[in-house]
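Q: Sending over a structure as structure tokens; questions will come in a sec.
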Amino acid sequence: MDFAWSDQQRELLDAVGRFATQQLNYDVIKNDREGIFNHEAWKKCGDFGIQGLLVPTDYGGLGTDPLTTVAVLERLGYACKDNGLLFSINAHMWTAVIPLVYNGTEAQKKKYLPGLCNGTLIGGNAMSEPNSGSDAFALATTAIKKGSRYLLNGSKIFVTNGPIADLLVVFATADKTRGSDAISAFLVEKNSPGMNVARKLEKMGLRTSPMAEVFFENCEVPEENLLGKEGGGAFLFTRSMTWERGCILASAVGSMQRLLEMCIRYANERKQGGHSIGKFQLVASKIVDMKLRVESSRQMLYHYAWLSGHRKAVYLEAAMTKLHISDCWVKCCEDAIQIHGGYGYMTEYEVERELRDAIASKLYSGTSEIQRNIVASMLGL
Amino acid sequence: MKILVPFKSVPDPNDVTVAGAAASTPKWVINPFDEIAIEEALRIRERGEATEIVGVTIGAPAVDEQIRAALAMGVDRAIRIDDSRALDPYAVARILGAVVEKEAPHVVIMGKQAVDDDSNQVGQMLAGLLGWPQATFVSKIEFLDNRTRAQCTRETDGGLEVVAIKLPAIITTDLRLNEPRYVSLPGLMKARHKLIETLTCDQLGVTVRPRTTTLSISSPPKRAAGTRVESVEELVAKLRQEQVL
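Chains L and H, in that order, are what the protein sequence lines are.
Counting from 1, position 209 in the first sequence corresponds to residue 209 in our numbering; the numbering is continuous, with no gaps.
Going from the second sequence to our numbering is simple: count from 1 and add 381.
See below:
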């Protein structure tokens, strides 16, 4: 096994660290308080090349392999404190870009991928519905073909990037009684007649990543915007979710590393009873736990990405990676607050926001309970 | 129009904590003033006034990392003069003079000084050796008369000075000329396919030997702590006592 980064990978990682530190960390507290998405930072990330990782160079991307991709995203999460921005980028990459790369027609790829890579277009998907979340394929939004168009009817909830998206991958069924076999995916552009992006949803964390409810009322989608095959939506969704589960918390590993370093610094500087608080074993022990979580998360992430890059089956590993890192992230944030004491609870110390941002990781891309179901089923249970 | 941009690798000024420890600092970067020169060359090319930007630096193979950073910013190709000696400004100017004769650029844009030794001599010496006009500490560049002249705004102690110089010429950059772009991932990927030519002083036909030697580098002496005075009278008395007044 070779755990060393190549010179070329190191160059990319150094560059992303410098870029994110200098360009992405302004107004984070204010934007979090007011729920503001940082459009300018999004565009900068596009220009810098983040959204184009993985995408073949023919379509405006960088064509990086999965391991390099997660390493870059990890470094991004270390250097950029705007977890909401990174969540929006992740949603965009795994639920809009990846399905297009795998299932898009040549015309669809040429039309959308360059813009999705360079930051001029924002993507997302619309899957969850008020009555179908974990049981995703029980969705009720319908897509009925009329001539050369599909008519979409129904409502979607928790649509990440909904209020800002230029392009949504929308899942709908031709016949609810036929279950997952009848589900197809559609590329729906913003301002399509019959699509209504309704109220923006207020959230506990990830407040800089906008989320909305979206309604479809006889929304017309031209047939060339069918993504993949008719009835292929469930397969497409599963593939996109596997990528998402494996990669979406790469930035969380970086965030954990940043919190670990903050805590070590604070524990060395903060004196109580004549000693640095890091000399108290109960504090040191928490920091050791944080270190173990960062390292184990990183190993799982890299292993998943290595397997993915070698075209091995990763359904199980993706679920385990997501389950483990989300759990570690939340616990690291709790410990970081505890180590910082009352200061950790104060907004200006930027620790409490990490916890609010981290908690959602146990819910999106399938709850931790769903990940456990997947792992259990893969173990033959 | 062809632009030559000489640049130097220096210890990362954001990463150096102890003066004198520079040699052991692991992180090296392009001298920030030279980065401004590269950015200006890129902007000149982007507005259609230049067709090629050639970067040149002097050093051991380790400086290839900074060369790739320059190529990733958008420099078209680069030359490394393979020489790891500690060269003084005159030696550097002589080597660059030979590169200028080989490349025949229309303009040389470079940092006014390097942030490691702050010598601020190479640009001026290079102009002298070549017999070319120079504009130093420049914060604005405009090309005139079908790019046969450059109008440069200089930042001087007395204010702004606007000069027009005939090309070819040497221009050295001030901090206020521009804000350099960051190296992007696509830029880094493209840089891998760009040419880095390695030359020796022998190949350039130039013999240089350093004329100065660095004896030692040390931190400046620590300043004594200040004292707080209670009144203007006390302040004046103290200043008198110190023979400042």
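Think of the CB as a built atom: it goes at the ideal place given N, C-alpha and C, for glycine as much as any other residue.
It should be emphasised that the depicted structure is a prediction, and the values quoted were computed from it without experimental measurement.
In chain order, what residues of the same chain have a beta carbon less than 6 Å from the beta carbon of alanine 400 of chain H, not counting five sequence neighbours either side?
A: With a pLDDT of only 49 at alanine 400 of chain H, under 50, the local geometry of the prediction cannot be trusted, and the value read off the model is given with reservation. Correct list, in chain order: Ser600.
Q: By the DSSP assignment, the beta strand (DSSP E) with arginine 426 of chain H in it spans what residues?
A: Looking at the DSSP string, arginine 426 of chain H is not in any beta strand (DSSP E); the run it does join, the alpha helix (DSSP H), is 413-427.
Q: Among residues of its own chain, excluding the 5 on either side of glycine 147 of chain L, which ones have a beta-carbon nearer than 8 Å to its beta-carbon?
A: Closer than 8 Å at Cβ, skipping near neighbours: no residue.
Q: Is the region 531-550 of chain H in contact with the region 565-574 of chain H, if contact means three or more CB pairs nearer than 8 Å?
A: no
Q: Among residues of its own chain, excluding the 5 on either side of leucine 385 of chain H, which ones have a beta-carbon nearer than 6 Å to its beta-carbon?
A: Taken in chain order, the residues that qualify are Val435, Glu484, Pro486 and Val489.
Q: Taking only beta-carbon atoms, is proline 567 of chain H less than 7 Å away from chain L?
A: yes
Q: For the 8 Å Cβ check, are there 3 or more pairs between the region 266-281 of chain L and the region 89-100 of chain L?
A: no
Q: Between the region 437-450 of chain H and chain B, which residues of the former have CB atoms less than 7 Å from a CB of the latter, in chain order?
A: Here the protein chains are L and H, and chain B is not one of them.
Q: Straight-line CA distance for valine 589 of chain H to valine 481 of chain H?
A: 16 Å
Q: Identify the contact partners of methionine 454 of chain H in chain L, using a Cβ-Cβ distance below 8 Å as the criterion.
A: Within chain L, no residue comes near methionine 454 of chain H; the closest Cβ sits about 11 Å away, beyond 8 Å.
Q: Can you pull the chain L residues whose beta carbon is under 8 Å from the beta carbon of arginine 573 of chain H, in chain order?
A: Gln8
Q: Quick one: give me the first and last residue of the beta strand (DSSP E) that glutamine 494 of chain H is part of.
A: Unbroken run through glutamine 494 of chain H: none, as it is neither H nor E.
Q: Could you check what DSSP says for leucine 616 of chain H in three-state terms: helix, strand or coil?
A: helix
Q: What residue range does the alpha helix (DSSP H) around threonine 529 of chain H cover?
A: Per DSSP, threonine 529 of chain H belongs to no alpha helix (DSSP H) and is neither H nor E.
Q: Of all the CB atoms in chain H, is at least one closer than 7 Å to the CB of phenylalanine 48 of chain L?
A: yes
Q: Just the Cα atoms here: how many angstroms apart are cysteine 629 of chain H and glycine 504 of chain H?
A: This structure gives no information on residue 629 of chain H, because the portion of chain H shown stretches from 382 to 626.
Q: Using 10 angstroms around the beta-carbon of glutamate 11 of chain L, count the other beta-carbons present and answer buried if the total reaches 16, otherwise exposed.
A: That one is buried.
Q: Smallest Cα separation from alanine 174 of chain L: which of L/Leu187, L/Asn191, L/Asp166 and L/Asn153?
A: L/Asn153
Q: Which bits of chain H does glutamate 269 of chain L rub up against, with CB to CB less than 9 Å?
A: Result: empty, since nearest Cβ-Cβ is about 17 Å, beyond 9 Å.
Q: I want to check one thing, is the minimum distance from the CB of arginine 149 of chain L to the heavy atoms of the ligand ADP below 6 Å?
A: What this structure holds is no ligand at all, so the ligand ADP is not there to describe.
Q: Considering just the uninterrupted stretch of the alpha helix (DSSP H) at lysine 109 of chain L, what are its terminal residues?
A: Lysine 109 of chain L: member of the alpha helix (DSSP H) spanning 106-118, first to last residue.
Q: Assuming leucine 62 of chain L and valine 55 of chain L are in contact, meaning their beta carbons sit under 8 Å apart, how far apart are those beta carbons, in whole angstroms?
A: 7 Å
Q: Quick check: is the beta carbon of methionine 491 of chain H nearer than 7 Å to any beta carbon in chain L?
A: no
Q: Reducing DSSP to helix, strand and coil, say where lysine 43 of chain L ends up.
A: helix
Q: For arginine 385 of chain L, go through chain H and note every residue whose CB falls closer than 7 Å to its CB, in chain order.
A: Given a span of 1 to 381 for chain L in the structure shown, any question on residue 385 of chain L remains unanswerable.
Q: Pull up the CB-CB distance for serine 128 of chain L and isoleucine 248 of chain L, whole angstroms please, since I reckon it's below 8 Å.
A: With a beta-carbon spacing of about 15 Å, serine 128 of chain L and isoleucine 248 of chain L fall beyond the 8 Å limit used to define contacts.
Q: What whole-angstrom Cβ distance do arginine 293 of chain L and leucine 323 of chain L have, given they're in contact under 8 Å?
A: The pair is not a contact, with the Cβ atoms about 13 Å apart (cut-off 8 Å).
Q: Beta-carbon separation of arginine 461 of chain H and threonine 432 of chain H under 7 Å?
A: no
Q: Just how far apart, CA to CA, sit serine 390 of chain H and proline 114 of chain L?
A: 35 Å
Q: Count the other CB atoms within 10 Å of the CB of tyrosine 302 of chain L; is the residue buried (16 or more) or exposed (fewer)?
A: buried
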